[in-house]
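Protein chains in written order, with the numbering used here: chain A, 1 to 292; chain B, 1001 to 1315.
Written out as structure tokens, the structure reads:
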């Protein structure tokens, strides 16, 4: 059987850039994508403002200790990670549950370009959106905190800053910090990078187990249940283990103050990145090995 | 950004085997699909047809053997959508995405333009619902969207798994007409079915499988001619007397009605002569061509996996 007549025209065919373009169309053409992102924005900014208001009010009236005002205004991301993580999971498991994956792999039969395209699209979009959200959360949170004034701030033995309402101690100043505060910009980028990481961890779990329920359970088992289990360890061991777990390691990037039992910001993000790489790597292995 | 030009593709399976644990779904299957005709891929449910097609498309990995499109594995094709269009039995569309966006996403992987997307939507008659979510589509509309995806790259070869399954009569007619027109354009069409009658209407060549093994690879005409002995149907008032006269070695006569005989082992001319010599008046004398359906049942009788072959293949 000699069969070749003529090749498909040279300008048509699969490339990595086209695979990315296709994944971008897929990502943005689902309503659930924008719902998840909307919820993540609302939670991260809204809760940041709410926490700032509640803490600011409390400290201004009763004095107190706040280790990290920057992190305070970014605390909404602890909840927003749920929406971002689920979005990452659904980006791939939605294809398996609906059968779309067969259309995807019929169009792009090599697995690596599909895997790369999903990562690139998800990481780029989520980084951009959560970075903007983190700036807004920080600026609005600090604006709220700036409405509260305290007297005298001194470094607390616990590593943070303690405030008092006693007018005799130090000068009167605002509770909020500015964007030029040491580490503030890094913490904002850290929040966005953590969100990207959580989403990619979800994507990796999704590639690995192919089923939304299982992948979401695996993701939040890693993030939220692991730290609880670690508390069962003897105290001497716990302090060495806990800081390396994904949640504590990843969120270290959102802090501006060193806390003794946490990793330094970039070290924490680095450790977190290892989890992400491991999950995505395992996901790629399964994508290439198992029947679609 | 136009359409892909024509390829002539030959689908080839060589010693293709797929095992799931202990169970062998496809067992040393070898065949070649000829270009430019409709080839039916026929077998009872569970015969390994879908698994074979999935291996051809690189979705499932063969345990051993090869499945190639024009001598290359599917994953080595530079522009697969332009070479092979596929419609798989199960739906392959995200329910939350509109028909147009689904096609745009697939087209984007190859750099196929928006114009071609609108063309195929028009071709399958989905233009008016192109912006609607595919999850709300009826089975027939879903199948049309699947066909639109398969035609997106204007491929010369189409692989269709049970395209009429579950469709209403209108949908079935539409698919049949489409298959014929695609073949008339000179495309290679490889279409699976568990319904012989469906294949009889569209295919010119048949690859018959049962329990993952090749049972027959022949043209529809050859398959009909080769199957079983011809039966002569005789109707007469004097059936018992004729029956006695016909009795001989190598001749068998059966009867389902009082005045009807079904004779095998003799031609209609021989039966007519015996009746004429005995001055028996005949009401009816017909040489019956076995139907394709019967040929198929004959072939797959031993290869049906789960009991009751009659129901399975004839439903």
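Note that CB positions come from ideal geometry on N, CA and C, so glycine has one too.
Whole-angstrom distance between residue j and residue i, CA atom to CA atom
i	j	result
residue 1267 (chain B)	residue 1060 (chain B)	50 Å
residue 200 (chain A)	residue 1097 (chain B)	22 Å
residue 1038 (chain B)	residue 1190 (chain B)	6 Å
residue 174 (chain A)	residue 1094 (chain B)	52 Å
residue 81 (chain A)	residue 1208 (chain B)	54 Å
residue 216 (chain A)	residue 1076 (chain B)	34 Å
residue 22 (chain A)	residue 120 (chain A)	12 Å
residue 1312 (chain B)	residue 110 (chain A)	Confidence is the limiting factor: at residue 1312 (chain B) the pLDDT is only 39, short of 50, which leaves the residue's position unreliable and the question unanswerable from this model.
residue 1281 (chain B)	residue 1223 (chain B)	35 Å
residue 1022 (chain B)	residue 1212 (chain B)	14 Å
residue 1248 (chain B)	residue 1265 (chain B)	9 Å
residue 1012 (chain B)	residue 1030 (chain B)	7 Å
residue 1132 (chain B)	residue 1099 (chain B)	7 Å
residue 1215 (chain B)	residue 1063 (chain B)	21 Å
residue 190 (chain A)	residue 58 (chain A)	27 Å
residue 1286 (chain B)	residue 1168 (chain B)	35 Å
residue 243 (chain A)	residue 249 (chain A)	6 Å
residue 17 (chain A)	residue 113 (chain A)	9 Å
residue 89 (chain A)	residue 36 (chain A)	12 Å
residue 277 (chain A)	residue 26 (chain A)	23 Å
Test: residue i CB closer than 8 Å to a CB of chain A
i	result
residue 1112 (chain B)	yes
residue 1101 (chain B)	yes
residue 1149 (chain B)	yes
residue 1005 (chain B)	Residue placement at residue 1005 (chain B) is poorly supported in this model, since its pLDDT is 47, which falls under 50; the coordinates still yield a value, given next. Yes - at least one Cβ of chain A is within 8 Å of the one on residue 1005 (chain B).
residue 1098 (chain B)	yes
Beta carbon proximity, residue i to chain B, threshold 8 Å
i	result
residue 256 (chain A)	no
residue 3 (chain A)	Its pLDDT being 39, under 50, residue 3 (chain A) is placed unreliably in this model, and the coordinates cannot settle the point.
residue 89 (chain A)	no
residue 29 (chain A)	yes
residue 18 (chain A)	yes
residue 13 (chain A)	yes
residue 284 (chain A)	no
residue 273 (chain A)	no
residue 291 (chain A)	yes
residue 102 (chain A)	yes
Residue nearest to residue i in terms of C-alpha spacing, selected from the options
i	options	result
residue 162 (chain A)	A:247, A:107, A:67	A:67
residue 1070 (chain B)	B:1197, B:1297, B:1156	B:1156
residue 240 (chain A)	A:260, A:225, A:221, A:207	A:260
residue 1032 (chain B)	B:1146, B:1218, B:1123, B:1274	B:1218
residue 269 (chain A)	A:246, A:165, A:50	A:246
residue 148 (chain A)	A:103, A:271, A:176, A:96	A:176
residue 15 (chain A)	A:31, A:95, A:107	A:107
residue 1146 (chain B)	A:171, A:100, A:278, A:275	A:100
residue 1251 (chain B)	B:1241, B:1271, B:1092	B:1271
Element boundaries [beta strand (DSSP E), containing residue i]
i	result
residue 173 (chain A)	172 to 174
residue 1205 (chain B)	1205 to 1210
residue 1066 (chain B)	1064 to 1069
residue 946 (chain B)	As displayed, chain B neither begins before 1001 nor continues past 1315, which places residue 946 (chain B) out of reach and without an answer.
residue 1168 (chain B)	Taken as a continuous stretch (DSSP letters only), residue 1168 (chain B) belongs to no beta strand (DSSP E), as it is neither H nor E.
residue 66 (chain A)	64 to 66
residue 1286 (chain B)	1282 to 1288
residue 1018 (chain B)	1011 to 1020
Closer than 7 Å: residue i CB and nearest the ligand COA heavy atom
i	result
residue 1110 (chain B)	For the structure depicted, the ligand COA is absent and the ligand set is empty, with no information on it obtainable.
Terminal residues of the alpha helix (DSSP H) in which residue i lies
i	result
residue 93 (chain A)	77 to 98
residue 180 (chain A)	Segment: none, residue 180 (chain A) is in no alpha helix (DSSP H) and carries neither H nor E.
residue 281 (chain A)	265 to 289
residue 1244 (chain B)	1239 to 1246
Min CB distance residue i to chain E below 8 Å
i	result
residue 1104 (chain B)	Of the protein chains in the structure, A and B, none is chain E.
Strand pairing of residue i, partner residues [DSSP]
i	result
residue 1217 (chain B)	B:1207
residue 149 (chain A)	A:174
residue 1040 (chain B)	B:1191, B:1206
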